[in-house]
Structure formats: C-alpha cells, structure tokens
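Trainee: In full-length UniProt numbering, the protein residues as written are 1 to 138.
All residues carry an ideal CB built from backbone N, CA and C; glycine is no exception.
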C-alpha cells in the first residue's frame, strides 16, 4: 500500500472487482459450469455437475500440458476457485482465462466420466473417505 498509495490501491481494487464481475458473468455462460454463491470481491468458486471439476483444474494448471493457471481445489462441494488479482486485470488475461475454461470444459463434457489425474484428487478422496468413515461410526 505504501508503494501505490491510497489512490493506487483504490484503482487496483476497482480493476479487480470489475474483472471479477466479468469472469463471473462469462463463467455462467459456459455449458457445464456453475458459479458457487454470489462472489462480491475477488474470489470466484465454480464447479460442474457434468464432469470432474478437479480434472478441469488439472488441465488448466501449470502442470505439464496444462494451460498455466493456478487455481485451488475446494471440497464440500467439489469445486475450484480463482483468486482474482491485479495481474488478472491486465489486457487479455481474463479473456484468455475464460477461453481456456471454455475449451477445456467443452472437451470434458465429451468425456464426463474421465476422472482426475495427479495426487491432489487422491488427497481429497482419501480425506473425504476418512471423514465419512469417522462420521458414520459416531
């Protein structure tokens, strides 16, 4: 805040909120994707009832053959979220994110039963299995 000052901070905040609203509106137009809740500031959580959302995250990620995005997995319900920062407000960044989500979602809709790859999905699966097992035993 000291570097940008109050005025710079306010301008950055307005850009982030504007970009977040753009991303929310565009995600809602993508078949197979739904936004969770009504995001107000900079965190956009979304999921799918048509395909494994963790697979979408993997294919969008910075892993080999991914698209270079850094999204976070969520659980209860299974979802992913994007934290919109000032970087996402640069020209073409949000538009590229939306295009990448559209492209990957379109492919996943064609193969809805394809499950996630990588260790992250297993961590959630194991945690969920243990949680349910403990809950049922109580």
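1) Do you know whose CA, among 5, 34, 27 and 44, lies nearest residue 16's CA?
2) Tell me the DSSP bridge mates of residue 79?
3) With DSSP run on the structure shown, which of helix, strand or coil describes residue 33?
4) For residue 136, which residues from the same chain have a beta carbon less than 7 Å from its beta carbon, with the 5 sequence-adjacent residues on both sides left out?
5) Helix or strand or just coil, what does DSSP make of residue 84?
6) Checking the sheet assignment: what are the DSSP bridge partners for residue 18?
7) Between the C-alpha atoms of residue 80 and residue 96, what's the straight-line distance to the nearest angstrom?
Mentor: In terms of the structure at hand:
1) Checked all of 5, 34, 27 and 44; the closest Cα to residue 16 is 44.
2) In the DSSP output, where bridge partners are listed per residue, residue 79 has 74.
3) coil
4) Legend: pLDDT at residue 136 = 48, less than 50; position of this residue unreliable, value from coordinates given subsequently. The answer is none, since no qualifying residue turns up.
5) coil
6) Paired residue(s): none; residue 18 is not in a bridge.
7) 18 Å
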